[in-house]
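Visitor: For the sequence shown, our numbering assigns the number 13 to the initial residue and increments by one for each residue that follows. This is the structure I have questions about; it appears just below.
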Amino acid sequence: MEIESVNLKSDQKGATLGVREFIARFPRAIQVLIFAIVHSLTGFDDNPFSPAAQMGVRLHMTVIAAIIFIVFVVIFWKYYTLTTEKLEKIKTELKELGI
């Protein structure tokens, strides 16, 4: 949040928290979509002990989750370039702005 305050030269915590909350809830919609697709592809049956249902649950809990995790770790590494020097610069600018 501090970097936005420095860039905008004002305190924007409300807007930042709203965007963060949206981003935190958006994956729920994606999760529902992925569940629907996997259950459709594996021929999901109401019987919780059917092999297709078990395979679908295993895919949700392992392979799909691991792939999504790896993709977002790579994205995070590429775009989140906060170093100690940048952090100190941001803190200094916040003090100068009185935020």
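Yeah, the Cβ is synthetic: ideal placement off N, Cα and C, and Gly gets one too.
Between Leu-35 and the rest of its own chain, which residues show a CB-CB distance below 8 Å, the 5 nearest in sequence each way excluded?
Guide: Counted from its first residue, the sequence shown places residue 35 at position 23. Per the sequence presented here, residue 35 reads as Ile, with Leu not at that position. Around Ile-35: no qualifying Cβ.
Visitor: Where are the alpha helix (DSSP H) runs, 4 residues long or more, that stay fully inside the segment 75 to 104, in chain order?
Guide: Counting only runs of 4 or more, we get 75 to 91.
Visitor: How would you call Gly-68, buried or exposed, if buried means at least 16 neighbouring beta carbons within 10 angstroms?
Guide: Translated into positions along the sequence shown, residue 68 becomes position 56. It counts as buried.
Visitor: Helix, strand or coil, according to DSSP, for Phe-34 in the structure here?
Guide: Here residue 34 corresponds to residue number 22 of the sequence shown, with the count starting at 1. Note: Phe-34 maps to helix in three-state DSSP.
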